[in-house]
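Residue numbers (the numbering used here): 66 to 981.
Where a beta carbon is used, it is the ideal one built from N, C-alpha and C, also for glycine.
Accompanying notes for the structure given below.
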């Protein structure tokens with residue numbers, strides 16, 4: 066209590082001094098010589114029409130009325146602070162006449178247009194208020210024009226709620242009307258020579274300046290404190306706030322509207338005409354440079370929303386050359402909201418503010434709901450999101466257009482989401498439609514559409530579709546390790562494109578589709594393009610097309626990371642189909658392209674279209690990773706219960722290489738059928754080598770096992786299976802699948818395997834066709850069965866749809882063709898060729914464990930067994946004297962001359978090859 070007396074004394078001094086201080090500050094608002102009563106004089110204090118004190122009371126008669134507009138003109142216009150930090154008050158009054166006039170009456174105008182013609186900026190440290198209303202009782206709009214700039218300090222604010230109107234501030238050099246122009250930087254008045262300016266203004270006019278000599282553009286700056294209401298721009302429900310200037314800066318300020326519109330436009334030094342509504346597609350935007358910047362600093366919020374109708378959700382429209390957000394938010398929301406519309410000719414950058422280990426990201430969000438939600442539209446020269454920055458639309462579409470680079474990294478994301486509303490209709494998540502010159506998703510950067518995010522809330526809505534068009538390079542790389550503060554676990558956020566129906570999705574929901582068109586696609590280090598669905602929801606389909614190349618690389622698998630993949634995954638609802646199309650496709654070091662499903666859902670089909678396809682290598686487990694190395698693979702798989710695997714269709718122009726453990730496969734582990742693998746190389750060759758595998762498998766056992774699929778490979782030139790390469794169509798409890806191999810040139814196996822094995826049912830059939838040669842070296846072609854099954858059939862040279870005639874040569878060198886059975890009937894083996902050669906170590910076998918059920922071997926070709934032994938020629942195999950003339954023969958023992966006979970090399974040419 067001892068300290069309270071001095072404090073009270075200080076407060077009393079301040080209160081007593083208030084009027085004197087206010088009088089001392091008079092002169093901050095001074096009229097110019099152009100219009101109204103008391104020209105050139107300062108504006109003094111008074112009581113407004115509601116008997117509230119104003120430090121600056123701006124009467125109607127200080128301006129000029131033109132139709133529905135009231136114009137005011139000032140040499141300077143600023144509102145200063147007061148001694149206790151609340152700021153002074155400037156009020157636009159609505160009463161006619163002068164103070165003390167008994168005949169004063171309220172007047173009505175649609176808008177108050179105020180210009181500042183002097184050389185100073187307007188510094189708003191206090192409150193600017195309007196009491197003026199329209200004739201219908203709604204509030205008049207308030208427009209402040211100062212071509213030098215306008216600054217709202219931490220205590221500066223606008224209040225037009227009492228008269229229910231909108232507010233606009235601009236550094237424009239003039240206003241355009243349908244019948245003329247109003248100069249906002251000079252003292253001329255157009256109505257002295259024409260009936261101008263009686264209606265609504267149509268545009269802001271900027272004269273422009275040379276950037277090399279003009280200095281910084283005029284600025285509108287909003288430096289207000291964060292905190293609860295009242296906010297710095299306080300306008301009524303459904304009304305708007307507009308700022309149109311050279312540059313616009315919101316530094317820690319809040320502009321929060323209910324159901325209205327926020328419109329910002331930065332013009333820099335450009336000479337432009339900006340429509341009053343800041344039209345999104347006007348030609349004025351093309352001339353804006355990067356100096357036309359809108360900056361939102363740390364903690365700034367620009368938002369308009371309304372939870373109910375009427376008047377519905379609000380909208381945010383931003384235009385300029387460049388947009389910078391640092392730990393700031395731009396958002397709109399409400400039923401049927403107008404969304405967020407951003408248009409910039411240069412860079413748009415969303416960054417974070419870091420304080421120690423804490424990260425405060427930036428965001429652009431549309432929370433509009435319902436079928437009329439407008440979502441987000443963003444146009445930019447380039448777009449950069451960093452440090453968990455996000456652009457999110459709930460239920461509305463998200464459209465991004467950038468002719469330059471788009472880059473998302475360090476956990477940044479672009480998302481559309483469903484928004485659960487028990488009282489409203491179910492609305493799907495909005496689509497994502499992105500076009501860019503180049504696109505990078507790095508270190509956890511994601512583009513995603515999601516439904517069913519909350520497992521406790523059933524969500525029947527669908528995730529949105531994702532459309533991406535990239536003119537040049539699309540790169541996805543790396544994950545981001547994130548500490549879950551609740552569980553203490555380290556989570557890895559993958560970089561990628563995701564369309565997902567999560568745990569809360571019902572059977573009526575579905576995952577979204579993904580459609581990518583790009584110049585090239587490079588995926589590495591845990592990158593993912595994934596369409597997936599949990600529970601009974603259906604996963605979406607994926608289509609990826611590139612002009613030049615698609616490359617997936619797994620590499621080192623770090624702890625907590627998954628490998629690089631393009632995948633469609635379903636559970637009960639099944640997976641979608643997957644298409645990948647590019648001149649060159651590479652799947653390397655453990656990466657995968659797959660369509661998989663669990664339980665009752667079917668896996669989707671996988672289609673590959675390319676000139677050249679290479680599937681090669683395995684992943685390298687990093688420190689602490691228990692998983693074995695994973696093969697590079699393209700596959701469709703239904704690993705459990707009743708789901709069927711899809712088909713794998715590969716159409717190539719030039720070549721296929723499956724090597725170093727790479728895999729092409731279709732597989733089922735339950736009662737569903739395995740799919741079919743079809744490979745066509747229209748002009749080139751197929752090579753399966755160094756442990757490469759092409760597989761169709763039914764791995765389930767028991768009576769309910771699904772059937773195995775078939776393998777069909779065609780190469781217009783050669784088909785080679787070497788160095789441990791293999792083709793297999795296998796089954797445990799059902800018939801093995803069939804294999805058909807066709808080569809327009811040579812079909813070669815060197816240390817290779819082709820097998821259709823079944824443990825207890827029928828073996829599959831194998832057909833081998835080639836235009837010139839079928840050549841097996843230390844290799845096996847087998848269709849063997851165990852248990853009670855019959856052996857399969859092998860036809861070499863039987864003719865097929867692409868190669869109708871038998872090969873000219875068939876050669877078995879230390880190799881075997883087998884169609885055996887353990888108990889029941891052995892298979893049938895048919896060999897048709899122009900010439901058939903078999904080394905002693907080779908074997909053709911169609912036997913059975915029961916001699917009475919041996920199969921049949923049929924040879925339709927001249928047979929030659931090559932023993933490998935050569936006869937030694939006699940020493941006088943040729944008598945030269947018989948063929949030489951006598952005078953030459955006589956000198957054959959002398960050194961004078963000689964004749965040498967040379968034959969062809971001992972090793973003959975390849976069959977069907979050219980003679981040397």
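Secondary structure at residue 278: helix, using DSSP grouped into helix, strand and coil. The residue among 447, 919, 800 with its C-alpha nearest the C-alpha of residue 500 is 447. A direct Cα-Cα distance of roughly 5 Å separates residue 534 from residue 582. Under the DSSP assignment, residue 790 falls outside any beta strand (DSSP E); it carries neither an H nor an E label.
Beyond the five residues adjoining it in sequence on each side, residue 774 comes within less than 6 Å, by CB distance, of 731, 739, 740, 741, 761, 802 in the same chain, given in chain order.
Here residue 817 really is in contact with residue 787; their C-beta atoms are around 6 Å apart, less than 8 Å. Bounds of any beta strand (DSSP E) do not take in residue 127, whose DSSP letter is neither H nor E. The Cβ neighbour count for residue 457, taken over all protein chains shown within 10 Å, is at least 16; the residue is labelled buried. In this structure, residue 168 lies away from residue 196, with their beta-carbon atoms at least 7 Å apart. Closest in alpha carbon position to residue 440, among 398, 585, 417, 478, is 398. Secondary structure note for residue 462: it is in no beta strand (DSSP E), with a DSSP letter that is neither H nor E. Around the beta carbon of residue 925, a 10 Å sphere encloses fewer than 16 other beta carbons of the protein chains shown; the residue is thus reported as exposed. Annotated three-state conformation of residue 350 is helix, per DSSP. Shown here, residue 255 sits in a helix according to DSSP, grouped into three states. The C-beta separation of residue 709 from residue 668 comes to about 7 Å, placing the pair in contact by the 8 Å criterion.
Of 429, 494, 129, 445, the smallest CA-CA separation from residue 461 is found for 494.
Using a 10 angstroms sphere on the CB of residue 679, the tally of other CB atoms reaches 16 or more, which defines it as buried.
Taking the Cβ atoms as the reference, residue 873 lies roughly 32 Å from residue 890, outside the contact range of under 8 Å.
Under the 8 Å Cβ criterion, the region 309–327 does not count as touching the region 242–256, having fewer than three qualifying pairs. Taking one beta carbon from each stretch, the region 677–696 and the region 712–731 have 3 or more pairs nearer than 8 Å; the two touch. Contact annotation: residue 395 and residue 367 have beta-carbon atoms nearer than 7 Å. The bridge partners DSSP lists for residue 178 are 136, 208. If you look at residue 587, you'll find it in the beta strand (DSSP E) that goes 579–589. Look at residue 917 here: in three-state DSSP terms it is helix. Spatial neighbours of residue 807 in its own chain (CB-CB distance under 6 Å, excluding positions within 5 residues in sequence) are listed in chain order as 779, 834, 865, 867, 868.
Residues 786, 841, 844 of the same chain have their beta carbon placed closer than 6 Å to that of residue 814, with the five preceding and five following residues left out of the count. Looking from the CA of residue 526, the closest CA among 443, 222, 481 belongs to 481. At the C-beta level, residue 592 and residue 552 stay beyond 7 Å of one another. By the beta-carbon neighbour count (other beta carbons within 10 angstroms, threshold 16), residue 797 is buried. Here residue 564 carries a strand assignment [DSSP, helix/strand/coil]. When beta bridges are read from the DSSP output, residue 156 appears opposite 122, 194.
C-alpha of residue 103 to C-alpha of residue 428: approximately 49 Å in a straight line. Close CB contacts of residue 233 within its chain, under the 6 Å cut and outside five residues either way in sequence, are with 208, 307 (chain order). Around the beta carbon of residue 238, 16 or more other beta carbons lie within 10 angstroms, which makes this residue buried. If the five residues before and after residue 179 are omitted, its C-beta is found closer than 6 Å to the C-beta atoms of 137, 209, all from its own chain and listed in chain order.
When the beta-carbon positions are compared, residue 562 and residue 512 come within less than 7 Å of each other.
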